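If you number the sequence shown the way the UniProt record's numbering does, the last residue is 233 and the count never jumps. Below is one structure, written out as C-alpha cells; the observations come after it.
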Amino acid sequence: MEEKNRLELYNFHNFLIICINLHIKNVISGAPQGTVLAAILFLIMISDIDENVKHCIVRSFADDTRVSKKVNNTEDTKLMQNDLEGIYEWEKSNKMEFNTNKFEQMIHGNANNVVVESYKASLGDEIQIKDTVKHLGILASNDLLFKEHMNKIINSSKVVMGMLLRTFSTREKDPMLKMYNTYIKSKMEYCCIVWSPVQQKYINELEKIQKSFTKKINNMEELDYHESLIYLV
C-alpha cells in the first residue's frame with residue numbers, strides 16, 4: 001500500500017477512526033498522546049466546545065479556554081452560569097474531565113447595583129476570584145494596567161543582563177547586540193502590544209534597562225542615549 005494510504009483520518013458520526021500502519025483503532029474519547037496527529041485531533045475534539053453556549057464569548061488557544069460576558073444586571077450572571085453549565089455538559093458527553101484547580105474568575109470594572117459572586121465549577125464548588133491571572137505567558141490584572149507583569153519583566157531582564165555581563169567579557173558591538181536581542185529584548189517585546197505601559201514610571205524602568213546595557217558597548221561611553229541608539233542602528 002502507498003505511504004499516503006497508511007495514515008488516514010475519517011469522521012463518521014462524531015467517531016474518529018484512525019488507520020495507522022493498517023491497524024484500525026476506535027477513538028471513543030480523548031486524543032492519543034505522543035503522536036504527530038495528537039494536536040490536530042485535540043483541536044478537532046474541542047472545536048464544538050461552545051455548541052451549547054448562547055450568551056457568552058468562548059475563546060480557545062490549544063487547551064486554554066476563556067469564557068467572557070458583559071454583565072449589566074443579575075440576569076446576566078445567571079445567563080453566564082447557564083452557559084458554563086452547557087460547557088460542563090459538553091465535558092460529560094465527550095468523556096473529558098476538566099481540571100477545576102485551574103479554574104479562575106476575573107472581574108473587570110464595576111456594574112451599577114450588581115454584585116458578581118463566584119460562579120460554580122463543574123463539581124459545584126466556587127471558582128476563585130483573582131485580581132491577576134496568567135494567560136499565554138502574560139500576567140493580566142483586573143485593572144488592565146499589567147503592573148505585576150511589567151515588574152516581572154523588569155526584574156527578570158535585570159537578572160539576565162547581569163548574568164550576561166558577568167559571563168561574557170566581550171563588549172564588542174555585534175556580540176553585545178546579539179545577546180541583547182536574544183535574551184533581553186525578546187523578553188521585553190513579547191506581547192508588548194497588549195501590556196505596553198501607559199505610566200511614565202514603567203516606561204522609564206524599561207528604558208533604563210536598554211540604556212544600561214547599551215552603555216556597556218565599546219565606544220558608547222561618551223555618547224548620550226539617543227546618540228548611542230543612532231550609532232547602533
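Ideal Cβ placement from N, Cα and C applies to all residues, glycine included. On a predicted model such as this, the values are computed, not experimentally measured, just so you know.
Nearest C-alpha to K70 among E51, L43, N101, I107: I107. S156 is positioned such that its CB atom lies closer than 8 angstroms to that of K187. By the beta-carbon neighbour count (other beta carbons within 10 angstroms, threshold 16), T214 is buried. D174 sits in a helix when the DSSP states are folded into three classes. Per DSSP, F146 has no beta bridge partner at all. Residue pairing by DSSP places K134 opposite L139 in a beta bridge. In terms of Cα proximity to D63, the closest of N82, E172, D76, F103 is F103. For K95 and L43, the gap between their C-alpha atoms comes out near 16 angstroms. Runs of alpha helix (DSSP H) with 4 or more residues, each lying fully within the stretch 62-109, are found at 74-93, listed in chain order.
Comparing alpha-carbon positions, the option among D83, E75, N181 lying closest to S122 turns out to be D83. Checking the DSSP bridge columns, you'll see V58 partnered with V67. The DSSP-derived three-state label of I129 is strand. Where A39 is concerned, the enclosing alpha helix (DSSP H) starts and stops at 38-46. A Cβ-Cβ contact shorter than 8 angstroms links C56 with S68.
K201: member of the alpha helix (DSSP H) spanning 200-215, first to last residue. At a Cβ-Cβ threshold of 8 angstroms, R171 and I217 count as neighbours.
Ranked by how close their Cα comes to the Cα of E91, the residues L79, T65, N72, G109 have T65 in first place.
Per DSSP, M220 lies in no alpha helix (DSSP H) segment and is marked neither H nor E.
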